[in-house]
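Structure first, commentary second.
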Amino acid sequence: MLSAAELEQRLLRFTRERLAEPEVAASITVDTRLFEDRVIDSLKVLELIAFLQSALERKIPDAQIILANFRTIATIASVFTGGEPIATLRRSRRPRVSARESGGSAVRELMRRGEIQLTAEGGMLLRGPVASLLDYFDRTAHCWALAVGATDVVFPEEIPPTALERAGFMAAFPQKVVWAGHVARPPAVCYHHYPHFADGVLDHSGSLVTAVGRCYRNEFDARSTHPAERLSAFTMREVIAIGKASVVEGLRTDMMDRVTRWMKEIGIEGFIETATDPFFTTESKGRLLMQQMLPLKYELRLRVDDSGRTVAAASFNNHQDHFGKAFSIQFPSGEPAHSGCVAFGWERWVIAFVNQHGPNEADWPASTRANDVAATA
């Protein structure tokens, strides 16, 4: 059986010679972060796993192929030569929960007042200050999108089923599709955008757009403990990029930085963590593992009660070439385009915000109060 030191050296040599780009190969050590530092991309993950299994002369269980066990060469060598496999993905550090009373009582109070109302179809109606709050959230993200060069677009509330089939959504989540006669309702804003470039050649400037729209997923359950947190109809703002890989990743990083700063400004608690991405659920197990390890999706989770329970309120997605291949969107070189999107679910932002700050507008930060915003406009 290989020792940890022997496996380290084999992995280091293989990584330098076969996986890394020549200009960085010599600088790689056993402590280099393979995925965060982009030493290994999505096409090389399976090569690494195959080499490791060959060196160990055994198959690695799927449950052990996670980011925490593959972070560095030293980690891999330690874990797979007798060290204790790490059972879960490392997550972003969660904030300390304040002692302030909330527990979801703010949403219940607003529902009692009639300022939040759930419809039989699984949507949410907002009235008064909470409606203005949603508008404030969307204006903020819209300004960010324009600042990074996005163009405004408007999409319809219906989408051809063929677009969802080509994207892979129909195969992955047929039970979540909401129908309107013979057409479907969009489960996410970005599904409208890729068909526009289908079977075409994209110039190197790519496409960067933003849109807000109603999205629909068959997920609402009026009998659940927190029905307002999983709706069938909700408002989503997305910033969508199609083009070079560096542009997609740059957009995602920029938006995560903006969101992190903004959360501090408006005093809302949450954290960003890696998450699995529903865009890839129809792919092989290896593809899903790659997406967990790179990672291709980050998720913003906002606190909704004092127990620390959270809801996913935004996602930062790097699809790589998934939609480029699915819709045959290519560069002049013939290479498939990359894509990514940043998506905000505003009803969940409203729920988290009022549960943290209370149901009364007077208790909210000044920048979020409708009258104060109007006075400074």
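Residue 10 is where the sequence shown starts when you use the numbering used here, and the numbers rise one by one after that. By construction, the Cβ of each residue, glycine as well, lies at the ideal position given by its N, Cα and C atoms. Please read all numbers here as calculations on a predicted model, not as lab measurements.
- A Cβ-Cβ contact shorter than 8 Å links GLY349 with HIS328.
- Inter-segment contact for the stretch 241 to 251 and the stretch 144 to 156 is present: three or more beta-carbon pairs are separated by less than 8 Å.
- For HIS328, the enclosing beta strand (DSSP E) has its first and last residue at 319 to 329.
- Judged by DSSP secondary structure, TYR145 falls within the alpha helix (DSSP H) whose first and last residues are 138 to 156.
- Residue pairing of GLY354 in beta bridges, as defined by DSSP: MET245.
- For TYR307, DSSP records a beta bridge to THR283 and PHE325.
- Non-local C-beta neighbours of VAL139 in its own chain, meaning closer than 8 Å and more than five positions away in sequence, comprise LEU119, GLU124, ILE125, VAL359 and VAL363, ordered along the chain.
- Looking from the CA of GLY215, the closest CA among GLY158, THR149 and GLN73 belongs to GLY158.
- Within the stretch 185 to 268, the complete beta strand (DSSP E) segments at least 3 residues long are 216 to 225 and 242 to 252, listed from N- to C-terminus.
- Selection VAL192, THR219, VAL187 and ARG194 evaluated against HIS202 yields THR219 as nearest (Cα-Cα).
- Buried is the label assigned to ARG310, since at least 16 other Cβ atoms lie within 10 Å of its Cβ.
- The closest CA to that of ILE281, considering only TRP355, SER255 and ARG312, is found on ARG312.
- In this structure, DSSP gives GLY333 a helical state, which the three-state scheme calls helix.
- In the same chain as LYS53, and ignoring 5 residues on each side of it, the C-beta atoms closer than 7 Å to its own belong to LEU28, in chain order.
- Between the C-alpha atoms of THR84 and ARG261 there is a straight-line separation of about 28 Å.
- Between PRO196 and ARG239, the C-beta spacing is not below 8 Å.
- Cβ contact annotation for THR244 (same chain, cutoff 8 Å, sequence separation greater than five): LEU143, ASP147, VAL221, GLY222, ARG223, CYS224, GLY354, TRP355 and GLU356, in chain order.
- In the DSSP assignment, MET133 falls within the unbroken beta strand (DSSP E) covering 133 to 135.
- ASP372 carries a helical assignment under DSSP once its states are collapsed to helix, strand and coil.
- Between the C-alpha atoms of ALA13 and ALA323 there is a straight-line separation of about 40 Å.
- LEU127 is bridged by DSSP to MET133.
- TRP188 counts as exposed, since fewer than 16 other beta carbons sit within 10 angstroms of its beta carbon.
- Cβ atoms of GLU130 and SER241 come within 8 Å of each other, at about 6 Å.
- Judged by DSSP secondary structure, GLU174 falls within the alpha helix (DSSP H) whose first and last residues are 170 to 176.
- For ALA35, there is no enclosing alpha helix (DSSP H), as DSSP gives it neither H nor E.
- When rounded, the separation of the alpha-carbon atoms in PHE164 and VAL198 is 8 Å.
- Going by DSSP, SER342 is part of no alpha helix (DSSP H) at all; its letter is neither H nor E.
- Contact between ALA86 and GLU17 holds: CB atoms are separated by about 4 Å, below the 8 Å threshold.
- Residue pairing for ARG80: DSSP places it in no beta bridge.
- Around the beta-carbon of GLU15, fewer than 16 other beta-carbon atoms lie within 10 Å, marking it exposed.
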